[in-house]
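Colleague:
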Amino acid sequence: MRKRSWAEPFKIKMVEPLRMISAAERAKAAAEAGFNTFLLKSEDVYIDLLTDSGTSAMSDRQWAGMMLGDEAYAGSANYYHLEEVVARHYGYKHLIPTHQGRGAEHILSRLLIKPGDVVPGNMYFTTTRAHQELAGARFVDVICDAAHDPADESPFKGNIDLAKLEALIARVGASRIPYLCMQCCVNMAGGQPISMANIAAVRALCRQHGIKVMLDATRAVENAYFIKDREPGYSNKSVADILLEICSHSDGCTNSAKKDCLVNIGGFLCVNDDELAERARNLVVLFEGLHTYGGLAGRDMEAMAIGITESVQYDHIRARIGQVEYLGALLDRQGVPIVKPVGGHGIFLDAAAFLPHIPRSQFPAQALAAALYVESGVRSMERGTVSAGRDPDTGKNIEPKLELVRLTIPRRVYTQAHMDVTAESVWALFEAPERVVGLAFTFEPTYLRFFQSRFKPVEGDVVLRNA
Ligand SMILES: *Cc1c(COP(=O)(O)O)cnc(C)c1O
0 MRKRSWAEPF KIKMVEPLRM ISAAERAKAA AEAGFNTFLL KSEDVYIDLL TDSGTSAMSD
60 RQWAGMMLGD EAYAGSANYY HLEEVVARHY GYKHLIPTHQ GRGAEHILSR LLIKPGDVVP
120 GNMYFTTTRA HQELAGARFV DVICDAAHDP ADESPFKGNI DLAKLEALIA RVGASRIPYL
180 CMQCCVNMAG GQPISMANIA AVRALCRQHG IKVMLDATRA VENAYFIKDR EPGYSNKSVA
240 DILLEICSHS DGCTNSAKKD CLVNIGGFLC VNDDELAERA RNLVVLFEGL HTYGGLAGRD
300 MEAMAIGITE SVQYDHIRAR IGQVEYLGAL LDRQGVPIVK PVGGHGIFLD AAAFLPHIPR
360 SQFPAQALAA ALYVESGVRS MERGTVSAGR DPDTGKNIEP KLELVRLTIP RRVYTQAHMD
420 VTAESVWALF EAPERVVGLA FTFEPTYLRF FQSRFKPVEG DVVLRNA
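Those letters in the sequence shown? Residues 0 to 466, by numbering that gives the first Met the number 0.
(1) Around the C-beta of GLY74, are 16 or more other C-beta atoms found within 10 angstroms, so that it is buried, or is it exposed?
(2) Going by beta-carbon coordinates alone, are ASP47 and ARG378 separated by less than 7 angstroms?
(3) Under 6 angstroms from any heavy atom of ligand 1, does the C-beta of GLN191 make it?
(4) Identify every residue that forms a DSSP beta bridge with GLU157.
(5) How far does the beta strand (DSSP E) with HIS417 in it reach, from first residue to last?
(6) Hey, how far is the Cα of ARG280 from the Cα of MET122?
(7) Please say whether VAL338 and LEU367 have beta carbons closer to each other than 7 angstroms?
(8) Is there at least one non-hydrogen atom of ligand 1 closer than 6 angstroms to the beta-carbon of PHE286?
(9) Taking contact to mean 3 or more Cβ pairs, one atom from each stretch, closer than 8 angstroms, check whether the segment 177-184 and the segment 219-228 are in contact.
(10) Looking at GLY120 and ligand 1, is the gap between the Cβ and the nearest heavy atom below 6 angstroms?
(11) Do VAL139 and VAL117 come within 7 angstroms of each other at the CB atom, strictly closer than that value?
(12) Under the criterion of a Cβ to heavy atom distance below 6 angstroms, does GLY266 qualify as lining ligand 1?
(13) Taking contact to mean at least 3 C-beta pairs separated by less than 8 angstroms, is the segment 83-93 in contact with the segment 242-262?
(14) Nearest-angstrom Cα distance between SER174 and LEU428?
(15) Please report the Cβ distance between VAL436 and VAL420, rounded to the nearest whole angstrom; I am assuming they are in contact, meaning their Cβ atoms lie under 8 angstroms.
(16) If GLY297 sits next to ALA71, beta carbons under 8 angstroms apart, how far is it from one beta carbon to the other, in whole angstroms?
(17) My assumption, with CB atoms under 8 angstroms, is that THR407 sits in contact with ASP51. Please give the rounded CB distance.
(18) Hey, would you say the C-beta of GLY100 is under 6 angstroms away from at least one heavy atom of ligand 1?
(19) Going by DSSP, name the residue or residues bridged to LYS455.
(20) Suppose only complete runs of 3+ residues qualify. What are the beta strand (DSSP E) ranges in the segment 60-139, listed by chain order?
(21) Going by the beta-carbon positions, is the gap between ALA136 and ILE159 smaller than 7 angstroms?
(22) Along the chain, where does the beta strand (DSSP E) that runs through ASP51 open and close?
(23) Identify every residue that forms a DSSP beta bridge with ASP349.
(24) State the DSSP-derived secondary structure class of VAL44, mapped to helix, strand or coil.
(25) Apply the 10 Å Cβ neighbour rule to SER360 and answer buried if 16 or more other Cβ atoms are within range, or exposed otherwise.
(26) Is there contact between the segment 266-283 and the segment 57-68, where contact requires at least three CB pairs shorter than 8 angstroms?
(27) Can you say whether ASN77 is buried or exposed, counting buried as having 16 or more other CB atoms within 10 angstroms of its CB?
(28) Can you determine whether any heavy atom of ligand 1 sits closer than 6 angstroms to the C-beta of ASN186, and answer yes or no?
(29) Closer than 8 angstroms is the cut-off here; do at least three beta carbon pairs connect the segment 202-220 with the segment 237-246?
(30) Given that a residue counts as buried once 16 or more other Cβ atoms are within 10 Å of its Cβ, and exposed if not, what is ARG382?
(31) Taking only three categories from DSSP, how would you classify THR384?
(32) Please report the residue range of the beta strand (DSSP E) in which LYS211 lies.
(33) When burial is assigned at 16 or more other CB atoms within 10 Å of the CB, is PHE450 buried or exposed?
(34) So is the beta-carbon of ARG217 under 6 angstroms away from any non-hydrogen atom of ligand 1?
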C-alpha cells in the first residue's frame, strides 16, 4: 500500500493577514536595520522564520485557559495545575516557574557555579553559555565531531562524545565541574537529537564522578519524537513515555516553554534535590517573582499547562517535524546545501557552501539572511560567527565550524504553501549567489551581540545586487 500523507491535525479558526512590502521598501528596511534581521520591524516581514521561540499558535483550549487565569499574587490555581502537568510529563520533583528559559538558566548558573568552574555541554547555546560565563565558568563543548559536519547524516548528531568528556574530567578534575548541561535537539547544530543510549551513558559516566546532569529540556519533546522514529526499541513507546525517560537521566532541567510547550512566554527550572529547590526558590523571588508565578501571569501558566499536554500528542509532533522535513526536502532536491539530516525546528542553510565567494571574516550567514529578506520578505536568522561572539580570554572572534542561516518554523502557524514560497525564495538566491555582498560591523554590543549588532556591506551600499 502507498504511504499516505500526513496533514495538520487542526483546522484554522482565526486568521492573521500577512502583508508584503515592495522590493525597494525591503531594501530600505534592511539597510535601516543595519542588515540584522533581529532589527527589522515585524510589520515589514512577509513570512517570519526568525525563530520558533514564543511564536507558536495557541489552540482554542489554550485560549480558553487564558480566561481561567487566577491572578492571585500567591498560590494561584494555575501554578498548581502547571506543577501537576510538569510532574506528569517531565517527572521532576520541584518546579520553579520563570519568565522564560534564560531566567531558569540564570538561577541555575548562580546556584551551582563557582568562579573558575568548567561546564561541559553538547554545543553551546547563546543564553545558556552567557549565564554560565557571567557566573564565572568556562563552557567546554563535548559534542561528537559529526555535529560540526553539515553533510554527516548520522541520526543522532546531538550526542556527547564520551571520550571528550572523560578527557575533560581527567584534565580539570570532577570537583571543578558543577554539572554537565545536556541539550535536547541541539539548537546550534541544526536541531540535532541526542539518543537515549547516549543520554544514559553520559548519565552513568557523570554519576561515577559525582557530576550532576542538568537537561536543557527546551526541545525535549522534539527529541523524544526522533528517538521514537530513529532509535531501535522505541518505535512502540509513546512520545510522552520517552520524554519521561529522557528526563529520568538528569537531576533537573531548564526549559524555555516558548518552544515545545506551545506558549508565547514562559519557562521553568526543575530540580529533584530538596535543598537545591529551596535555594532556587530563594533566588527566584529576587530575579523573577514569587515562586508560585516566577514572572508569569496566572493565565500564562494555565496556557503552558495545556500546551504541555498538547505538545506530547503524537499527531501534533509528527506534523510539526513533518513540516520541517517538507521544507528540507524541497531545498535538498534543488541541491541547496543544508544541514542533514533535517532537525526538529528548522532548516539550516550552510552559508559557507552557499556563498563561497564571501570569506568568513565578512559573515556569509549574516549576509545571506539579509539578502533573503531583501529578495523575498522571508525573515531568517544568522547562526554562525556573529552568534558565536568573541572568546572571553582572547577577545578574538570565535569561528565556529558551522556558518548557518536558520529558517525556523513556528509551530502550527504557517501552511505548506508558505513552505513552497520559502523554498522558491531560497532557490532564487541559490541560482545567482554572487549577487550577495559580504558585511562588516558598524556596531557590536558586548553581550549576545547577534541580537543588536549592525553592519554595512563591504562594498557599495546593498547586500543584494540587482534586487
Ligand atoms: C530558546 C532557548 C533557550 C533560552 O530560552 P529563552 O526562553 O529564549 O530565554 C535555551 N536553550 C535553548 C536550547 C533554546 O532554544
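Every residue, glycine too, gets a C-beta built ideally from N, C-alpha and C.
Modeller: The structure says:
(1) Here residue 74 refers to the residue found at position 75 when the sequence shown is read from its first residue. By the 10 Å Cβ count, GLY74 comes out exposed.
(2) For the purposes of this step, residue 47 is identified with residue 48 of the sequence shown, where counting begins at 1. For the purposes of this step, residue 378 is identified with residue 379 of the sequence shown, where counting begins at 1. The Cβ-Cβ distance between ASP47 and ARG378 falls below 7 angstroms.
(3) Counting from 1 along the sequence shown, the entry for residue 191 is found at position 192. Checking every heavy atom of ligand 1 against the Cβ of GLN191, none is found closer than 6 angstroms.
(4) The count along the sequence shown starts at 1 and reaches residue 157 at position 158. In the sequence as presented, Glu is not what sits at residue 157; that position holds Gly. Answer is none; GLY157 lacks a bridge partner.
(5) Start at 1 with the first residue of the sequence shown, and residue 417 comes out as number 418. Premise fails: HIS417 lies in the alpha helix (DSSP H), 415-430, not in any beta strand (DSSP E).
(6) In the sequence shown, residue 280 corresponds to position 281, counting from 1. In the sequence shown, residue 122 corresponds to position 123, counting from 1. Their backbone Cα atoms lie some 28 angstroms apart in a straight line.
(7) As a first step, residue 367 is located in the sequence shown; it is residue number 368 there, counting from the start. As a first step, residue 338 is located in the sequence shown; it is residue number 339 there, counting from the start. Not in contact: LEU367 and VAL338 (Cβ atoms no closer than 7 angstroms).
(8) Within the sequence shown, numbered from 1, the residue matching residue 286 stands at position 287. No; taking the cut-off as 6 angstroms, the Cβ of PHE286 has no heavy atom of ligand 1 nearer than that.
(9) yes
(10) Numbered from 1 along the sequence shown, position 121 holds the residue referred to as residue 120. For ligand 1, not one heavy atom lies less than 6 angstroms from the Cβ of GLY120.
(11) Taking the first residue of the sequence shown as 1, we reach residue 117 at position 118. Taking the first residue of the sequence shown as 1, we reach residue 139 at position 140. It is a contact, given that the beta carbons lie within the stated cut-off.
(12) For this step, residue 266 is matched to residue 267 along the sequence shown. Within the cutoff, so yes.
(13) yes
(14) Within the sequence shown, residue 174 is the residue found at index 175, counting from 1. Within the sequence shown, residue 428 is the residue found at index 429, counting from 1. Their backbone Cα atoms lie some 51 angstroms apart in a straight line.
(15) For the purposes of this step, residue 436 is identified with residue 437 of the sequence shown, where counting begins at 1. For the purposes of this step, residue 420 is identified with residue 421 of the sequence shown, where counting begins at 1. Not quite, the Cβ-Cβ distance comes to about 24 angstroms (not below 8 angstroms), so this is no contact.
(16) Walking along the sequence shown from the start, residue 297 turns up at place 298. Walking along the sequence shown from the start, residue 71 turns up at place 72. Between ALA71 and GLY297 the Cβ distance is about 7 angstroms, and since that is below 8 angstroms, they are a contact.
(17) For the purposes of this step, residue 407 is taken as the residue at position 408 of the sequence shown. For the purposes of this step, residue 51 is taken as the residue at position 52 of the sequence shown. That pair is a contact at about 5 angstroms.
(18) Position 101 of the sequence shown, counting from 1, holds the residue named residue 100. Yes - ligand 1 has a heavy atom lying nearer than 6 angstroms to the Cβ of GLY100.
(19) In the sequence shown, the residue the question calls residue 455 occupies position 456. For LYS455, the pairing in a beta bridge is given by DSSP as ALA439.
(20) 93-97 and 117-120
(21) Reading the sequence shown from its first residue, position 137 is the one you call residue 136. Reading the sequence shown from its first residue, position 160 is the one you call residue 159. Cβ distance not < 7 angstroms, so ALA136 and ILE159 don't count as in contact.
(22) Within the sequence shown, the letter at position 52 stands for residue 51. Here ASP51 belongs to no beta strand (DSSP E), and DSSP marks it neither H nor E.
(23) For the purposes of this step, residue 349 is taken as residue 350 along the sequence shown, with counting starting at 1. Partner(s): LEU403.
(24) Translated into the one-based positions of the sequence shown, residue 44 becomes position 45. The answer is coil: DSSP assigns VAL44 none of H, G, I, E or B.
(25) One-based indexing of the sequence shown puts residue 360 at position 361. SER360 comes out exposed.
(26) no
(27) The residue given as residue 77 occupies position 78 in the sequence shown. ASN77 should be labelled buried.
(28) Counting from one through the sequence shown, the residue named residue 186 turns up at place 187. Because some heavy atom of ligand 1 lies under 6 angstroms away, the Cβ of ASN186 counts as near it: yes.
(29) yes
(30) For this step, residue 382 is matched to residue 383 along the sequence shown. Result: buried.
(31) Locating residue 384 in the sequence shown gives position 385, counting from the first residue. Here THR384 sits in helix by DSSP.
(32) The residue given as residue 211 occupies position 212 in the sequence shown. Where LYS211 is concerned, the enclosing beta strand (DSSP E) stretches over 211-215.
(33) Locating residue 450 in the sequence shown gives position 451, counting from the first residue. With fewer than 16 other Cβ atoms within 10 Å, it is exposed.
(34) Translated into positions along the sequence shown, residue 217 becomes position 218. Note that residue 217 is Thr in the sequence shown here, rather than Arg. Yes.
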